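Undergrad:
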Amino acid sequence: MGLSCTHHLLLMLLGLWWPGLAWHRVGAAQVREHYIAAETTRLLGPTLRAEVGDTLVVHFKNMANKPLSIHPQGIAYNKLSEGSLYADRTSSFEKLDDAVLPGLVYKYTWEITAEIGPKEADPPCLTYIYYSHENMVMDFNSGLIGALLICKKGNQNALDGTQKLFDREYVLMFAVFDESKSWQKSTSLLYTINGYANGTLPDLGACTYDNISWHLIGMSSKPEIFSIHFNGQVLEQNRCKVSTVNLVGGASTTANMTVSQKGRWLISSLVQKHLQGKGTSCSEGSCAVTESVILVSSSLSPKVLLTLSKTVDWEYFIAAEEITWDYAPEIPETIDRQYKAQYLDNFSNLIGKKYKKAVFRQYADANFNKRLETPRPKEMGILGPIIRAQVRDIIKIVFKNMASRPYSIYLHGVTLSKDAEGATDPLDSTAVQPGETYTYKWSIVDTDQPTAQDAQCLTRLYHSAVDVTRDIASGLIGPLLICKSEALDKRGVQKKADVEQQAVFAVFDENKSWYLEDNIKQYCSNPSSVKRDDPKFYRSNVMHTINGYMSDRTEILRFCHDDIVQWHVSSIGTQDEVASIRFSGHTFLTRGKYEDVLNLFPMSGESVTVEMDNAGTEEIADNLYSYEYADFNDPYTTDPRFNINNVRNPDDIAVHYLRSRGNMRRYYITAEEVIWDYAGLKKSTMRNDRTSHDGGNTIYKKVIFRSYVDSTFTTREPEGEYDEHLGILGPVIRAEVDDVIQVHFKNLASRPYSLHSHGYEDESPDWFKKDDAVQPNDTYTYVWFATKRSGPIQPGAACRSWAYYSGVNPEKDIHSGLIGPILICQKGTLSTSNRPVDTREFVLLFMVFDEERSWYFNKHSKKTYTEKTSEFLLSLVIFFFSAINGIIYHLQGLRMYKDELVRWHLLNMGGSKDIHVVHFHALQSYCYHSMNLCKRIYFSPLYFKGSFRTIEMTPSKAGMWLLDTEVGEYQQAGMQASFIVVEKGTESNHDHSNIQESSYKVLSPFQGMGQ
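Whatever position you read off the sequence shown (first residue = 1), add 12 for this note's numbering.
(1) In this structure, how does DSSP classify alanine 267 when only helix, strand and coil are distinguished?
(2) With DSSP run on the structure shown, which of helix, strand or coil describes serine 4?
(3) Closest to alanine 443 by C-alpha separation, out of Phe329, Thr427, Asp750 and Asp479, would be which residue?
(4) So what does DSSP say about leucine 528, is it helix, strand or coil?
(5) Confirm, please, whether the CB-CB distance from phenylalanine 717 to glycine 2 is below 8 Å.
(6) Please state the DSSP three-state secondary structure of glutamate 512.
(7) Taking 7 Å as the limit between beta carbons, can you name the residues of its chain near valine 786, skipping five residues before and five after?
(8) Can you tell me which of Val70, Lys78, Asp348 and Leu612 puts its alpha carbon nearest to the alpha carbon of serine 93?
(9) Put phenylalanine 549 into one of helix, strand or coil per three-state DSSP.
(10) Whose C-alpha, out of Gly742, Ala485 and His770, is nearest the C-alpha of glutamate 607?
(11) Round the Cβ separation of alanine 159 and threonine 270 to the nearest angstrom and send it over; I've been treating them as touching at under 8 Å.
(12) Quick one: what does DSSP say lysine 824 is sitting in, helix, strand or coil?
(13) What's the call for lysine 412, buried or exposed, on a 16-neighbour Cβ count within 10 Å?
(14) Helix, strand or coil for isoleucine 205, going by three-state DSSP, please let me know.
(15) Does DSSP classify glutamate 981 as helix, strand or coil?
(16) Please classify glutamine 506 as buried or exposed, where buried requires at least 16 other C-beta atoms within 10 Å of its C-beta.
(17) Rounded to a whole number of angstroms, what is the C-alpha to C-alpha distance between arginine 503 and tyrosine 679?
(18) Quick check on DSSP: helix, strand or coil for aspartate 325?
(19) Assuming asparagine 243 and tryptophan 277 make a contact with CB atoms under 8 Å, what is their CB distance in whole Å?
(20) Given a threshold of 16 other Cβ atoms within 10 Å of its Cβ, counted over all protein chains shown, does proline 730 qualify as buried or as exposed?
(21) Tell me which residues share the same chain as threonine 323 and place their Cβ nearer than 8 Å to its Cβ, disregarding the 5 neighbours each side in the sequence.
(22) Secondary structure at tyrosine 535, three-state DSSP: helix, strand or coil?
(23) Thinking C-beta only, is serine 719 closer than 8 Å to isoleucine 687?
(24) Taking the alpha carbon of serine 959 as the point to measure from, which residue in Lys453, Asn611 and Val188 has its own alpha carbon closest?
(25) Can you confirm whether the segment 425–437 touches the segment 359–368 when touching is taken to mean that 3 or more C-beta pairs between the two stretches lie within less than 8 Å?
(26) How would you call proline 130, buried or exposed, if buried means at least 16 neighbouring beta carbons within 10 angstroms?
(27) Using a Cβ-Cβ cutoff of less than 8 Å, which residues in the same chain neighbour valine 721 once the five nearest sequence positions on both sides are dropped?
(28) Assign histidine 286 to one of three DSSP states: helix, strand, or coil.
(29) What's the C-alpha gap between glutamate 334 and valine 516?
(30) In this structure, how does DSSP classify tyrosine 877 when only helix, strand and coil are distinguished?
(31) Closer than 7 Å to a non-hydrogen atom of the ligand PLP - does that hold for the CB of cysteine 252?
(32) Quick one: what does DSSP say proline 804 is sitting in, helix, strand or coil?
(33) Of the residues Gly905, Phe891 and Leu738, which one's Cα is nearest the Cα of leucine 830?
(34) Can at least three beta-carbon pairs, one atom from the segment 246–259 and one from the segment 159–171, be found at a separation below 8 Å?
(35) Which class does glutamate 132 belong to by DSSP, given the choice of helix, strand or coil?
(36) Express the C-alpha separation of arginine 388 and cysteine 811 in angstroms, rounding to a whole number.
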């Protein structure tokens, strides 16, 4: 494999007996027969492998009864090998690869160039997928998907193609198959690993001290998240240590680990709905020869992972106790009445805010007579004591179960032995019975240590794991910190932080608690009237909390101005969504980048650093729409050491910020009500375009931001070719670092709105609330300072993308249409016309607009008498629009030249189900700046609300290409658009519509735009 070569693979499509279709390989010239899929990847197609410099040739024979194709991620291809059918103005000959007819054979040829291969900081092999793109939803749910590994040159063994640097490699696809949407219909919804449901995947073999490369894939035709956990193991992903690998449907990743302990270890997704049927086991120690060598090795063996050096023993005495927990000891007068009645009030058939629970509590010694109280009990709440350790330290926990049922302690992010695992496996039980005491002992080995890119201390969790779901619901959770060597002082406090704060976003489903019946009997005045299957009763017992407290707490966390606060933020509990955490008024540093929204997958944690330099009382909140106003708010305050002006004058604030460092940039923006057509101005040529047959239900009343030339708000800012693609988005607000932005906002709509920004600091004192809701026909001037933290901090990055929107009711305001982009750039990036120099720029909002969440829904949902009286016609009305910039299928204006620098700013401000993996067809050379690197990527995850990403592309292939989401049902519903790459060269007056099939050497791609 040292030399460049051509790999010939012949793929035959066969009908499988269940659940549908699958890829298999058969013989061909120069075929590597040893690539045939093993039993553990039964549903998956054969794993395709290639190195940089190779040519990958796939001979595909369609033996099914419908047209199919092969479309790859992460590979450069031309129109003859794309495998994706859409209206790209190519000839019929160039479409043969897009839908291979039954019985035919087609040859796909893909060049593996250095531009698309792994870079120095990447793992040896990058993980991608290939799949049939003829009908994205139906083909995937029928099983047409396989793994594609693109490797560094010289990484593979010549005999079998496996990786030289690893003892073993495995491909695991965590997938949800909806058989009702496959080509062979059934009603099953299956949660699987490699096509195996209910934990039936055969054990994966490994030997002690094996280095294993894991190639992990998440797939579903609907939005789906996966929190992949390997019991008792620590993995490295993207040069960071992780205890869970987070994936969404349509994405893939590479991780690696070194196993050091024998036993059967569970592999599972910790998302609650997956836990009942998605686990499998990895069996280690199955190689007799290697095992015997390890058994005789001394502690000085070079393969032993614990380095002999100075260690610290951390000893804890922890008990599980049953208590009465009050979720809301103080209820603010301003709390929403409906929320209070549903969750906090006690009725004859509702439990209220007090519950019997089990908690972890710390004691002074093994007698368990003297409890050690935390210095800040009101802040820690229901959490167990903080467990801390550095690499090479020893953690010893003497655990006494003082509760009435069996419990245990299980640690995330630490290499465990089976006798100290604390998790109940089907083959063994480590539960500590009531009244018993058990001593756990863990060594923090070198492979557990945070990497150079990690924070000083990694945020982890511990919990009881006899029954993970029910134990956590009962309250047994606590924080764990795994730190770098010498990161802690003798007291166990981090050296490089003024203050340390824990925030665990926990969802306690009391319906799954071991104590539900006790709580019904204790707190319901008429227990016999309780209907446990009543949705209202069930909802009343699902508690969304921070550290066990729900609602707006009156307890304020106080910090001093300029304090460096190390926040350890976690998500745990019966949460099937991602918690989007926002520190109101502050940005935070995480993994080398400043953000103001932190997305946490279930059962995961992050360490972030916040500099408390914005005076006032702020909130740490979960920005998921359903929780924003009542559930996840935890106020903290910064004590100012300077005076805030009693009178807010925008010009004075601007002068205060400028100090001759930056420029003043003024914008004049209104909120205006319009009639909006999600179908756009031109008829779509996309496949699956529902606008051509849905009766035209794409027109709705909305409100949008618009730009004017001055404060009279009489003359609109002219829109040119660069603005055509913005669609529903408001004008782009641009600034350079140290600039001051004045936004003169006038509300021309019929209800109150505002203009709230991400990424900027607002000088408004906390008591000044006029800017929170500007009344109709009123004006307000916002002043924002573009700090260095708001701009790009990675070397080589030019601009950073954020968003602005109305914040009166963010959910309803955004779904009504009020959202726009903010770009903060390095000094010298913008020209005198306030646009980037020598760079083409596009802003794309990927969002599912829900008209039922719009303020105007009731005004337009029933327009005619017929619609009011006919259930049939009402059933045709579409209220959800999977759109890019508010346009489905055919967003206009995405045109660029070949080989020019193009900067894409990708935004996601939707709800918890807005999960997008953005895929640019054929454009192999684009990257995003992170950790001092320009990382090459081939799909860009925009996971959740508040996700912003800027990527740079140098288009290398002329043509009309597709950009879309890899979430199949969103893609088919309209979240797709074409972008056009044309050859540089001559100039003329030819209109772009004159592009001929198979020819993209047009004179100017921008003739006629913006007219």
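Ideal Cβ positions, reconstructed from N, Cα and C, are used throughout, including at glycine.
These figures come from a predicted structure and were not determined experimentally.
TA: On the basis of the coordinates in this document:
(1) Stepping through the sequence shown from its first residue, residue 267 is reached at position 255. DSSP places alanine 267 in strand when its eight states are reduced to three.
(2) The requested residue 4 does not occur in the structure, where the chain is confined to residues 13 to 1023.
(3) Mapped onto the sequence shown, residue 443 falls at position 431. Closest option to alanine 443, Cα to Cα, is Asp479.
(4) Within the sequence shown, residue 528 is the residue found at index 516, counting from 1. Look at leucine 528 here: in three-state DSSP terms it is helix.
(5) Since the first residue of the chain shown is 13 and the last is 1023, residue 2 is not available in this structure.
(6) Within the sequence shown, numbered from 1, the residue matching residue 512 stands at position 500. Strand at glutamate 512.
(7) Taking the sequence shown and counting its residues from 1, the one referred to as residue 786 is at position 774. Beyond the five residues adjoining it in sequence on each side, valine 786 comes within less than 7 Å, by CB distance, of Phe757, Asn759, Pro764, Tyr765, Ser766 and Tyr792 in the same chain, given in chain order.
(8) Start at 1 with the first residue of the sequence shown, and residue 93 comes out as number 81. Serine 93 has its Cα closest to that of Val70, out of Val70, Lys78, Asp348 and Leu612.
(9) Within the sequence shown, residue 549 is the residue found at index 537, counting from 1. Helix, per DSSP.
(10) The residue you call residue 607 lines up with position 595 of the sequence shown. Comparing Cα positions, the closest option is His770.
(11) Residue 159 sits at position 147 when you count from the first residue of the sequence shown. Residue 270 sits at position 258 when you count from the first residue of the sequence shown. About 22 Å separates the two Cβ atoms, so there is no contact after all.
(12) As a working mapping, residue 824 is identified with position 812 in the sequence shown. Of the three classes helix, strand and coil, the one that applies to lysine 824 here is helix, per DSSP.
(13) Position 400 of the sequence shown holds residue 412. With 16 or more Cβ atoms within 10 Å of its Cβ, lysine 412 is classed as buried.
(14) Looking up residue 205 in the sequence shown gives position 193. Strand.
(15) Counting from 1 along the sequence shown, the entry for residue 981 is found at position 969. DSSP places glutamate 981 in helix when its eight states are reduced to three.
(16) Taking the sequence shown and counting its residues from 1, the one referred to as residue 506 is at position 494. The residue is buried, with at least 16 neighbouring Cβ atoms inside 10 Å.
(17) As a position in the sequence shown, residue 503 is number 491, starting the count at 1. As a position in the sequence shown, residue 679 is number 667, starting the count at 1. Roughly 52 Å separates the two Cα atoms.
(18) The residue you call residue 325 lines up with position 313 of the sequence shown. Strand, per DSSP.
(19) Numbered from its first residue, the sequence shown carries residue 243 at position 231. Numbered from its first residue, the sequence shown carries residue 277 at position 265. Sure, about 5 Å apart at Cβ, within 8 Å.
(20) Taking the first residue of the sequence shown as 1, we reach residue 730 at position 718. Exposed, because fewer than 16 other Cβ atoms sit within 10 Å of the Cβ of proline 730.
(21) For the purposes of this step, residue 323 is taken as residue 311 along the sequence shown, with counting starting at 1. Around threonine 323: Arg404, Asp405 and Ile406.
(22) Residue 535 sits at position 523 when you count from the first residue of the sequence shown. Tyrosine 535 falls in the helix class under three-state DSSP.
(23) Along the sequence shown, one-based indexing puts residue 687 at 675. Along the sequence shown, one-based indexing puts residue 719 at 707. For isoleucine 687 and serine 719, no; Cβs fall outside 8 Å.
(24) For the purposes of this step, residue 959 is taken as the residue at position 947 of the sequence shown. Considering only alpha carbons, the answer is Asn611.
(25) In this structure the segment 359–368 does not lie against the segment 425–437, because fewer than three pairs of beta carbons, one per stretch, are closer than 8 Å.
(26) Taking the sequence shown and counting its residues from 1, the one referred to as residue 130 is at position 118. Buried: at least 16 other Cβ atoms inside 10 Å.
(27) On the sequence shown, residue 721 is found 709 positions in, with the first residue counted as 1. Listed in chain order, the non-local C-beta contacts of valine 721 below 8 Å within the same chain comprise Tyr680, Thr727, Arg728 and Glu729, local neighbours out to five positions each way being set aside.
(28) Taking the sequence shown and counting its residues from 1, the one referred to as residue 286 is at position 274. Looking at histidine 286 - three-state DSSP - the assignment turns out to be helix.
(29) Numbered from 1 along the sequence shown, position 322 holds the residue referred to as residue 334. Numbered from 1 along the sequence shown, position 504 holds the residue referred to as residue 516. Near 20 Å, if we compare the C-alpha coordinates of valine 516 and glutamate 334.
(30) Working through the sequence shown from its first residue, we reach residue 877 at position 865. At tyrosine 877 the pLDDT is 42, less than 50, meaning the model places this residue with poor confidence and gives no usable figure here.
(31) This structure simply doesn't include the ligand PLP, nor any ligand for that matter.
(32) Locating residue 804 in the sequence shown gives position 792, counting from the first residue. Coil at proline 804, not helix or strand.
(33) Counted from its first residue, the sequence shown places residue 830 at position 818. Closest by alpha carbon: Leu738.
(34) no
(35) By 1-based counting over the sequence shown, the position of residue 132 is 120. DSSP places glutamate 132 in coil when its eight states are reduced to three.
(36) Stepping through the sequence shown from its first residue, residue 811 is reached at position 799. Stepping through the sequence shown from its first residue, residue 388 is reached at position 376. Roughly 41 Å separates the two Cα atoms.
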